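Please read the structure below before turning to the comments.
Chains as they are written, first to last, in this note's numbering: chain A, 68 to 321; chain B, 75 to 335.
What follows is the structure, encoded as structure tokens:
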């Protein structure tokens with residue numbers, strides 16, 4: 068057994084200890100409103116088909132909203148970074164948008180677009196747009212001047228420069244923005260469902276509370292967490308595969 | 075000529091941005107693209123906002139929300155740094171806490187609220203629990219990375235001065251890690267505000283989040299816009315406070331960065 072695996076195994080004691088404490092606390096409380104991990108495990112078994120179906124709806128909306136934001140904000144960010152005057156002048160506007168927490172716009176969007184899929188996708192797209200736009204702009208704005216000179220000596224047009232120089236060299240930072248945006252779209256997808264309850268895992272959580280099935284609600288939360296872990300791991304893998312050139316270039320510098 | 079305009083435009087970019095937003099807004103309103111009920115004119119919003127301010131309840135709600143976010147942030151920052159220090163002392167605990175953070179981090183604050191309401195009520199306990207649970211991770215993760223990244227030269231210099239392990243942590247590692255920890259705290263400030271607003275919307279008793287939702291259901295659009303403006307101000311204020319503290323605690327680092335530029 069290597070040192071690494073030994074640490075990993077002993078480390079498991081921390082979450083296990085927390086689970087044990089929780090179980091003891093739940094047994095002392097003796098109320099269905101504070102279920103222990105055992106009850107939650109049973110609730111997972113009883114509810115997993117429903118939870119998976121609702122979670123699928125949630126994830127689908129998150130993907131659509133994120134896709135919408137990526138398709139519009141990455142080109143916009145590169146444009147603002149390349150056409151410096153416009154970008155610099157609009158910087159305060161971007162900062163203003165960044166200070167407004169995405170869930171705060173939920174009531175507003177509800178006024179405009181109701182509670183349906185469209186409204187939720189708009190909210191998710193807004194949540195994903197801010198980190199994507201900021202990071203893309205920051206990356207293409209602070210691009211190495213030598214790269215711009217290369218573009219000029221190759222007589223690339225503005226559009227070609229953006230597509231062939233700015234986009235690839237901004238990708239590592241866009242990836243960071245995308246990671247934030249994915250986390251944020253998942254979060255907002257669930258939140259929007261809780262506030263504008265129609266369907267999805269967020270609505271499932273609300274219904275569980277209203278019917279006093281806290282164990283089912285916690286089972287739903289466990290699945291949200293699992294989905295988050297899987298998505299994060301997937302994004303990490305994709306980043307390693309697509310941006311291998313970036314990590315390869317970085318290593319000797321360390 | 076053109077560069078002159080560019081420089082001028084950059085100098086006055088804040089007023090330009092504000093004028094741009096107000097201008098586009100008013101044009102959309104005048105053209106009547108969107109129903110006036112959902113898209114009030116700027117003067118209407120300003121008047122509604124002014125009326126709300128004269129009524130004390132908005133100020134009270136605003137203060138409640140801001141204080142909740144601030145207290146939650148302070149608690150989360152302290153706990154995050156404490157967890158980072160513990161992680162730095164023991165690799166096993168570090169791995170263990172990382173398991174917990176991996177599981178808890180993807181869960182949105184909104185999801186905790188309905189489950190915690192029965193246990194914690196609708197008062198400050200609920201907000202402290204939800205905010206700290208979602209806000210603690212950025213300071214913690216940055217703290218772990220920063221404490222581990224303190225250079226060997228600094229550590230050896232500290233040892234040469236005869237510092238014990240505690241002294242080393244307190245007087246060398248922690249100060250060296252503070253700038254990166256503050257990056258985490260700044261990110262945490264944003265999250266804590268989100269967590270407060272969402273919890274207030276769901277708990278539905280007081281605060282700006284609740285007020286926005288109430289006004290939205292009553293179709294009072296101008297007031298909704300006004301309250302959103304207040305939320306944004308909260309964000310700016312919270313960020314300003316964090317920056318102030320950062321300047322006080324890590325001013326040496328910022329001066330160093332400026333000099334090297």
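For each residue, glycine too, the CB sits at the ideal point set by N, CA and C.
Keep in mind the model is a prediction, meaning the values are calculated, not measured.
### Task
Look at the Cβ atom of residue 296 of chain A, then the Cβ atom of residue 180 of chain B, and state whether they are nearer than 8 Å.
yes
### Task
With DSSP collapsed to three states, give me the class of residue 179 of chain B.
coil
### Task
Please check the pair residue 169 of chain A and residue 251 of chain A, which I expect to be a contact at CB under 8 Å, by giving their CB distance rounded to whole angstroms.
7 Å
### Task
Kindly confirm or deny that the segment 191 to 208 of chain A and the segment 239 to 249 of chain A touch, where touching means at least three C-beta pairs closer than 8 Å.
yes
### Query
Ends of the alpha helix (DSSP H) at residue 115 of chain B?
From DSSP, residue 115 of chain B is part of no alpha helix (DSSP H); its letter is neither H nor E.
#### Entry: Proximity winner among B/160, B/312, B/285, relative to residue 299 of chain B (alpha-carbon distances)
B/285
### Task
Measuring only between beta-carbons, confirm whether residue 221 of chain B sits less than 8 Å from chain A.
no
### Query
What's the C-alpha gap between residue 17 of chain A and residue 135 of chain B?
The shown model of chain A, from 68 to 321, leaves out residue 17 of chain A, and the question about it has no answer.
### Task
Compare the C-beta of residue 212 of chain B against all C-beta atoms of chain A and say whether one is closer than 8 Å.
no
### Task
Determine the closest residue to residue 315 of chain B out of B/140, B/328, B/165, B/214, with distance taken between C-alpha atoms.
B/140
### Message
When you compare the CB positions of residue 176 of chain A and residue 135 of chain A, do they come within less than 8 Å of one another, or not?
### Response
no
### Query
How would you list, in chain order, the residues of chain B whose beta-carbon sits under 8 Å from the beta-carbon of residue 111 of chain A?
Result: empty, since nearest Cβ-Cβ is about 14 Å, beyond 8 Å.
### Query
When you compare only the Cα positions, how much space is there between residue 221 of chain A and residue 239 of chain A?
24 Å
### Task
Report buried or exposed for residue 78 of chain B, applying the criterion of at least 16 other Cβ atoms within 10 angstroms of its Cβ.
exposed
### Task
Assign residue 233 of chain A to one of two classes, buried (16 or more other C-beta atoms within 10 Å of its C-beta) or exposed (fewer than that).
buried
### Task
Taking 8 Å as the cut-off, decide whether the C-beta atoms of residue 218 of chain B and residue 292 of chain B are in contact.
no
### Query
Is there a Cβ from chain B that is less than 8 Å from the Cβ of residue 178 of chain A?
yes
### Message
Is the beta carbon of residue 78 of chain A closer than 8 Å to that of residue 166 of chain B?
### Response
yes
### Query
Helix or strand or just coil, what does DSSP make of residue 104 of chain B?
helix
### Message
Looking at residue 261 of chain B: is its Cβ nearer than 8 Å to the Cβ of residue 212 of chain B?
### Response
yes
### Task
Under 9 Å between beta-carbons, which chain A residues line up against residue 200 of chain B? List them in chain order, please.
Per Cβ cutoff of 9 Å: no residues; residue 200 of chain B is ~13 Å from chain A at best.
### Task
Assign residue 112 of chain B to one of two classes, buried (16 or more other C-beta atoms within 10 Å of its C-beta) or exposed (fewer than that).
exposed
### Query
Going along chain B in order, which residues have a C-beta closer than 8 Å to the C-beta of residue 296 of chain A?
176, 177, 180
### Task
Spell out a yes or no on whether the segment 192 to 203 of chain B and the segment 271 to 282 of chain B are touching, meaning 3 or more CB-CB pairs, one atom from each, closer than 8 Å.
yes
### Short CB-CB distance (under 8 Å) between residue 309 of chain B and chain A
yes
### Task
Report buried or exposed for residue 129 of chain B, applying the criterion of at least 16 other Cβ atoms within 10 angstroms of its Cβ.
exposed
#### Entry: Uninterrupted alpha helix (DSSP H) stretches inside the segment 281 to 323 of chain B (no shorter than 4 residues)
281 to 291
### Query
Using a Cβ-Cβ distance under 8 Å, would residue 101 of chain A count as near chain B?
yes
### Query
What residues in the segment 75 to 90 of chain A bring their beta carbon closer than 7 Å to a beta carbon of chain B?
75, 77, 78, 79, 80, 81, 82, 85
### Task
Please name the residue, chosen from A/107, A/93, A/172, A/143, that lies closest to residue 354 of chain A on a Cα-to-Cα basis.
Missing from the structure shown is residue 354 of chain A; chain A here goes from 68 to 321 and no further.
### Query
According to DSSP, is residue 335 of chain B helix, strand or coil?
Here the model assigns residue 335 of chain B a pLDDT of 44, short of 50, so the residue's position is not dependable, and the following value carries that caveat. Residue 335 of chain B: coil per DSSP, three-state reduction.
### Query
Can you tell me whether DSSP reads residue 232 of chain B as helix, strand or coil?
helix
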